[in-house]
Amino acid sequence: MDQKIIDLYDEYTHRPLPRRVFLERLAVLAGSAAAIPAILSQIEPNYALAAEVPEDDSRIATDRVTFQGATGDVQAYRARPKLAEQAPSVVVIHENRGLNPYIEDVTRRLAVAGFVAMAPDLLSPLGGTPQDPDRAREMIGQLDPDKTVNNLIASMSDLMAYRYSNAKVGAIGFCWGGGMTNRLAIKAPDLKAGVVFYGPAPDPTLVTTIKSPLQLHYAGLDNNVNAKVPAYEEALKKGGKSYQLFMYDNVNHAFHNDTSAERYNKEAADLAWGRSVEFLKKNLT
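All residue numbers for the sequence shown refer to the UniProt record's numbering, where the first residue is 1 and numbers rise by one.
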């Protein structure tokens, strides 16, 4: 697919562009409106594909829970290895489309890998993640970032107290959730590890408070997010922070999201995932 189309889609999902404007510009790039349905089928998420680990996998147990957050009740999806008496814990932070089947599948993947994993629905203060992903994206923009971080800190506390947790908690976030992982690391001294997938970099002046080691994954073609990575890395270096940074050449933003065929890159996704699991185990066990 033409890289200009993928870049336009990323602009649509992150700037964001109104859908009408996105479709008008897409028609120009595609050469006609008739080509749009086929393009959308390849680039927009197809959550029917989000089933690497099915809900009824015999190795894990899943449930939907509610915990007390800074803004009131927060809904969450949780998974754990069925046979483990205690396991390290991970908060899974969703993209700007809310708690959807892809993030739930990632949560189950972590449980298979040996973690208690919980994905809070950070749109809970606004009624929860809607079915319409565009509506979810609009709602994300209405969230107060500081209150959202406080809800993430509350999710950490909930995991620390969970009977199957070893009380060591890390976080992994994707896209918008990667940015929130950075914010959480800045604000939560009890965070033991943070994994960021192509998340917006924080204000470099704030990294002095980071205590947890970080692992940062970026897509080589993601010019928007990557523009602020050098300043972030420089601040981490100057601050003597523990971090790993990986740049995956010739892949797009959201390369780990296997529900978007044209942006997903299996080789990069598998490599980044293996690194993430190893990093989390090292710091949480």
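For every residue, glycine included, the Cβ atom is placed at its ideal position computed from N, Cα and C.
Residue from Gln244, Ser155, Lys241, Arg97 whose Cα sits closest to the Cα of Met139: Arg97
Extent of the continuous beta strand (DSSP E) run through His217: 214–219
Environment of Phe246 [buried if 16+ CB atoms lie within 10 Å]: exposed
C-alpha distance - Gly240 paired with Glu233, whole-angstrom precision: 11 Å
Within the segment 114–140, ranges of the beta strand (DSSP E) (whole runs, at least 3 residues): 116–120
Three-state secondary structure (DSSP) of residue 351: Coverage of the chain is limited to positions 1 through 285, which leaves residue 351 absent and any answer about it impossible.
Pick from Asn151, Ala34, Arg15, Arg19 that is closest to residue 308, judged by C-alpha positions: For the chain, the structure presents residues 1 to 285; residue 308 sits outside this window and is missing.
For Glu104 and Gly128, the rounded distance between their alpha carbons: 15 Å
For Ala185 and Ala120, the rounded distance between their alpha carbons: A small correction: the amino acid at residue 120 is Pro; Ala does not occupy that position in the sequence shown. When rounded, the distance between both Cα atoms is 17 Å.
Of the listed residues Val74, Val112, Arg15, nearest to Asp57 (C-alpha basis): Val112
Sheet register partners of Met1 (DSSP bridge): BP columns for Met1 are empty, so no partner.
Cβ pair Leu214, Gly194 closer than 8 Å: yes
Inside the segment 22–107 only - beta strand (DSSP E) runs reaching at least 3 residues: 60–69, 72–81, 87–93
Residue interval of the alpha helix (DSSP H) (run including Leu280): 266–284
Run of the beta strand (DSSP E) containing Tyr248, from where it starts to where it stops: 243–248
Contact set for Asn265: own chain, Cβ-Cβ below 7 Å, skip 5 residues either direction: Val251, Phe255
DSSP three-state assignment for Gly170, whether helix, strand or coil: strand
Through-space distance from Arg19 to Asn46, alpha-carbon basis: 18 Å
Coarse secondary structure for Ser260, derived from DSSP in three states: coil
Where Gly194 falls: helix, strand or coil (DSSP): strand
Beta-carbon gap between Tyr9 and Ile36 smaller than 8 Å: no
Option nearest Leu284 by Cα separation, candidates Ile172, Pro230, Tyr248: Ile172
Nearest residue (CA-CA) to Val207, options Ala231, Asp222, Tyr218: Ala231
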